[in-house]
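*Asks:* One structure, pasted below without further comment.
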Amino acid sequence: MKAIVIENYGEPAELVERDLPVPRPAADEVLVQIKATSVNPIDWKVRRGFMKSQASWKFPVVLGWDLAGVITKVGKNVHDFQVGDEVFARPDGPDLNGDGTRGTYAEYAVVKANQLLLKPAQLSYAQAAAIPLAGLTAWQVLVDRLHVKAGDKVLVQAGAGGVGMFAIQIAKHLGAYVATTASPENTEMLRKLGADEVIDYHQQEITAVLHDYDAVFDTIDQIPAGLAILKPTGRLVTIAGQPTEAQQVAHPSASHWWLQANGTQLKQLAALVEAGELQVVIDSSFPLTAAGLQAAHKLSENGHVHGKIVITTDQ
Ligand SMILES: NC(=O)c1ccc[n+]([C@@H]2O[C@H](COP(=O)([O-])OP(=O)(O)OC[C@H]3O[C@@H](n4cnc5c(N)ncnc54)[C@H](OP(=O)(O)O)[C@@H]3O)[C@@H](O)[C@H]2O)c1
-14 MKAIVIENYG EPAELVERDL PVPRPAADEV LVQIKATSVN PIDWKVRRGF MKSQASWKFP
46 VVLGWDLAGV ITKVGKNVHD FQVGDEVFAR PDGPDLNGDG TRGTYAEYAV VKANQLLLKP
106 AQLSYAQAAA IPLAGLTAWQ VLVDRLHVKA GDKVLVQAGA GGVGMFAIQI AKHLGAYVAT
166 TASPENTEML RKLGADEVID YHQQEITAVL HDYDAVFDTI DQIPAGLAIL KPTGRLVTIA
226 GQPTEAQQVA HPSASHWWLQ ANGTQLKQLA ALVEAGELQV VIDSSFPLTA AGLQAAHKLS
286 ENGHVHGKIV ITTDQ
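Going letter by letter, the sequence shown gives residues -14 to 300 in the working numbering.
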């Protein structure tokens, strides 16, 4: 099968096309023919070697942690899915300490059945592939960690990003008042997604305009500013930094979150999409080629993606 791999850490040019064996599903897995995947910042952080201290990658590494496609094989213990089902998932991806080729920049990938969900018919493969990693992260932080409830004042940093756009809409679904930060050209779009207040972070510090917040979702590693706007009982969760010990003593709720693959929560996100409460915003689409992935990584690293970058196999 065609796969886009890295054989070294480094620049986007390290993304090259290779022919790899089609993976074989274990008893609790299915094999998916991938129609679309997406690019997340973790992809280029791994490519650059930023995760070296946490993972001993064995090259070649196939990056990619989102997929939508069609099941072509089913493991012997899988009973809820069958060949031909259209599905989407946030699979485990490349194994940190073992097989590095289990990512989704490829024509096929294996996925544990409990991480899969049938793709809502109204969603394209590209839209479905844009949801899992970013959508699950937003859901887990807002619902499971920040316990956002109706009437809460919530700040979502970087509202125009892949995680931010889902987070604004999920927080509104939960009944919160939502402030967010963005460049001014994104204000109108974020208001349409439901943001009550959009702060141009180039012009204003959040600490100058926000106070007494119940929850801060930090996606940009600006923990001190986030903590400064909380009310005494407020909570902060970061997906981009690590609170210091001193910060955690002063604010015990301040914590880092790393997303967990979860098919059940993906179902709740899909239900919101089907109900028209969650829009999937796609910034751009590239083909599953070395040039396509290189361009997609450059765009993501540039730091101003609006919504999600998707990769499709049929372009
Ligand atoms: N821990 C986890 O499990 C986990 C999961 C997912 C993501 N992450 C991390 O979370 C971060 C966000 O992920 P993502 O997918 O949302 O990234 P992304 O889509 O690449 O985010 C891009 C957005 O960031 C905004 N931005 C950049 N600098 C900003 C600033 N100083 N203030 C406000 N907005 C700013 C840009 O907005 P403008 O164009 O409007 O300036 C752009 O829309 C990344 O570091 C990623 O690695 C962690």
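Backbone N, C-alpha and C define an ideal beta-carbon position, used for all residues, glycine too.
Once DSSP output is grouped into helix, strand and coil, what is the label at Tyr162?
*Replies:* Note: Tyr162 maps to strand in three-state DSSP.
*Asks:* Going by beta-carbon coordinates alone, are Ala145 and Leu127 separated by less than 8 angstroms?
*Replies:* Cβ atoms of Ala145 and Leu127: not closer than 8 angstroms.
*Asks:* Below 8 angstroms, how does it come out for the segment 159 to 173 and the segment 182 to 193: are there three or more Cβ pairs, yes or no?
*Replies:* Contact holds: three or more Cβ-Cβ distances are below 8 angstroms.
*Asks:* Roughly how many angstroms lie between the CA atoms of Ile208 and Gly(-5), to the nearest whole one?
*Replies:* C-alpha separation (whole angstroms): 29 angstroms.
*Asks:* By DSSP's criteria, Pro272 is part of a beta bridge. Which residues make up the other side?
*Replies:* Note: Pro272 sits in a beta bridge opposite Thr297.
*Asks:* Could you check whether Ala98 and Phe66 sit closer than 8 angstroms to each other, using their CB atoms as the reference points?
*Replies:* A contact, by the Cβ cut-off of 8 angstroms.
*Asks:* Can the beta-carbon of Lys134 be found less than 8 angstroms from the beta-carbon of Gly160?
*Replies:* Taking 8 angstroms as the Cβ cut-off, Lys134 and Gly160 qualify as a contacting pair.
*Asks:* Leu175 to Ser41, Cα distance in whole Å?
*Replies:* Leu175 and Ser41: Cα-Cα distance of roughly 39 angstroms.
*Asks:* Say yes only if the C-beta of Pro26 is nearer than 7 angstroms to one or more non-hydrogen atoms of ligand 1, and no if none qualify.
*Replies:* Because some heavy atom of ligand 1 lies under 7 angstroms away, the Cβ of Pro26 counts as near it: yes.
*Asks:* Are there three or more Cβ pairs, one per stretch, closer than 8 angstroms when the segment 7 to 21 is compared with the segment 276 to 294?
*Replies:* With the cut-off at 8 angstroms, the segment 7 to 21 and the segment 276 to 294 do not touch.
*Asks:* Is the CB-CB distance between Ala180 and Ile205 below 8 angstroms?
*Replies:* Not in contact: Ala180 and Ile205 (Cβ atoms no closer than 8 angstroms).
*Asks:* Determine the direct distance from the alpha carbon of Ile155 to that of Val227, and round the result to whole angstroms.
*Replies:* According to the sequence shown, residue 227 is Gln rather than Val. Answer to the nearest angstrom: the Cα atoms are 24 angstroms apart.
*Asks:* Could you give the DSSP three-state label for Gln264: helix, strand or coil?
*Replies:* In this structure, Gln264 counts as coil in the three-state DSSP scheme.
*Asks:* Can you list, in chain order, the residues of its chain whose CB lies under 6 angstroms from that of Leu273, leaving out five sequence neighbours each side?
*Replies:* Answer for Leu273: Ile296 and Thr298, listed in chain order.
*Asks:* Which residue's Cα is closest to the Cα of Val63: Gly88, Ala12, Gln39 and Glu92?
*Replies:* Checking every option, the nearest Cα to that of Val63 belongs to Ala12.
*Asks:* Rounding to the nearest angstrom, what Cα-Cα distance links Asp129 and Thr122 in this structure?
*Replies:* Going from the Cα of Asp129 to the Cα of Thr122 covers about 10 angstroms.
*Asks:* Looking at Lys30 and ligand 1, is the gap between the Cβ and the nearest heavy atom below 7 angstroms?
*Replies:* True, at least one ligand heavy atom lies under 7 angstroms from that Cβ.
*Asks:* Taking only three categories from DSSP, how would you classify Val216?
*Replies:* It is Lys, not Val, that sits at residue 216 in the sequence shown. DSSP places Lys216 in strand when its eight states are reduced to three.
*Asks:* Look up Val222 in the DSSP assignment and say whether it is helix, strand or coil.
*Replies:* The answer is strand: DSSP assigns Val222 an E or B state.
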